[in-house]
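Inspection log for the structure reproduced underneath, given as structure tokens.
Numbering (our numbering), first residue to last: 34 to 247.
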């Protein structure tokens with residue numbers, strides 16, 4: 034490299050570095066002087082004294098009204114003692130006749146032995162159906178416009194279901210018996226209760242077959 038070019042470049046770089054160093058020194062010195070000046074200045078604090086409020090006035094004492102002296106209750110009147118005098122009249126002496134009554138009851142007339150009244154016989158109440166199913170109208174009776182009824186005998190069990198149904202009477206015969214039997218098997222009745230316990234009982238029911246009127 035040519036020395037004529039190298040030396041001026043070195044001098045220029047040296048001058049730039051010296052200028053930068055001097056500028057940095059000035060900045061640090063200025064900040065320190067500012068901080069020293071602010072620290073040296075006294076801090077002025079202004080206190081404001083608040084005016085104390087006067088205490089509240091004491092509560093006024095009210096004079097209690099003079100109570101009237103208790104009035105003496107009047108003394109209860111003493112009960113008067115009543116004296117009853119028994120009448121001095123005596124009952125007259127009446128001459129009562131003597132009546133002799135024979136005590137031999139065995140020789141009297143026989144009135145018969147005492148028997149308690151017989152308890153009335155209460156007829157058994159009709160069974161109360163709780164669940165009913167309408168029977169299906171037989172097709173043969175429907176086509177012939179036949180109406181009738183069927184009376185059934187059966188047993189109501191302890192749970193209210195129907196057991197052992199059988200036909201007691203059918204009018205007319207041969208039309209509605211099977212439909213009535215199928216329907217009664219699905220019915221539910223209120224069971225009979227004796228001494229708080231449900232028991233089975235015999236019962237009967239009549240099912241009527243009637244066509245709807247148009």
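All C-beta atoms in this analysis are idealised placements derived from N, C-alpha and C, irrespective of residue type, glycine included.
### Message
Can you give me the C-alpha to C-alpha distance between residue 59 and residue 41, rounded to a whole angstrom?
### Response
Take the alpha-carbon of residue 59 and the one of residue 41: they are about 27 Å apart.
### Query
Considering residue 231, what are the terminal residues of the beta strand (DSSP E) in which it resides?
According to the DSSP assignment, residue 231 belongs to the beta strand (DSSP E) that extends over 230 to 232.
### Burial state of residue 185, where buried means 16 or more other Cβ atoms lie within 10 Å
Residue 185 should be labelled buried.
### Query
Which residue comes first and which comes last in the alpha helix (DSSP H) that contains residue 189?
Run containing residue 189: none in the alpha helix (DSSP H); it sits in the beta strand (DSSP E), 181 to 189.
#### Entry: Close beta carbons around residue 143, own chain, < 6 Å, minus the five adjacent residues each side
Bear in mind that the predicted position of residue 143 carries a pLDDT of just 37, short of 50, making it too unreliable to give a figure here.
### Query
Is it true that the stretch 209 to 227 meets the stretch 163 to 181, where meeting means three or more beta-carbon pairs spaced less than 8 Å apart?
When C-beta atoms of the stretch 209 to 227 are compared with those of the stretch 163 to 181, three or more pairs fall below 8 Å, so the two segments count as touching.
#### Entry: Residues that residue 203 bridges to, as DSSP identifies them
Residue 203 is bridged to 183.
### Task
State whether the stretch 236 to 246 contacts the stretch 203 to 217, with contact taken as three or more CB pairs (one from each stretch) at a distance under 8 Å.
Yes, the stretch 236 to 246 touches the stretch 203 to 217.
### Task
Run the CB neighbour count on residue 217, radius 10 Å, all protein chains shown included, and call it buried at 16 or more, exposed below.
Buried, by the Cβ-count rule.
### Message
Residues in the same chain with beta-carbon distance under 6 Å from residue 238, minus the five sequence neighbours each way, listed in chain order, please.
### Response
Around residue 238, the same chain offers 185 as residues with beta carbons nearer than 6 Å, after the five sequence neighbours per side are excluded.
### Message
Relative to the C-alpha of residue 176, which candidate in 192, 43, 189, 208 has its C-alpha closest?
### Response
If we check each option's Cα against that of residue 176, 208 comes out closest.
### Task
Assign residue 41 to one of three DSSP states: helix, strand, or coil.
Helix.
### Contact set for residue 141: own chain, Cβ-Cβ below 8 Å, skip 5 residues either direction
Unreliable positioning characterises residue 141 in this predicted model, as indicated by a pLDDT of 45, which lies under 50. A coordinate reading is not provided.
### Query
For residue 232, does the count of other Cβ atoms within 10 angstroms reach 16, so buried, or fall short, so exposed?
Answer is exposed; the Cβ neighbour count stays below 16.
### Query
Between the Cα of residue 234 and the Cα atoms of 201, 246, 192, 202, which residue gives the shortest distance?
Minimum Cα-Cα distance from residue 234 among the listed residues 201, 246, 192, 202 corresponds to 192.
### Query
Roughly how many angstroms lie between the CA atoms of residue 43 and residue 50, to the nearest whole one?
Rounded to the nearest angstrom, the gap between the Cα atoms of residue 43 and residue 50 is 11 Å.
### Query
Under three-state DSSP, which class holds residue 242?
Taken through DSSP and simplified to helix, strand or coil, residue 242 comes out as strand.
### Task
Would you give the residue range spanned by the beta strand (DSSP E) that residue 162 belongs to?
Run containing residue 162: 162 to 164, per the beta strand (DSSP E) assignment.
### Environment of residue 54 [buried if 16+ CB atoms lie within 10 Å]
Exposed: under 16 other Cβ atoms inside 10 Å.
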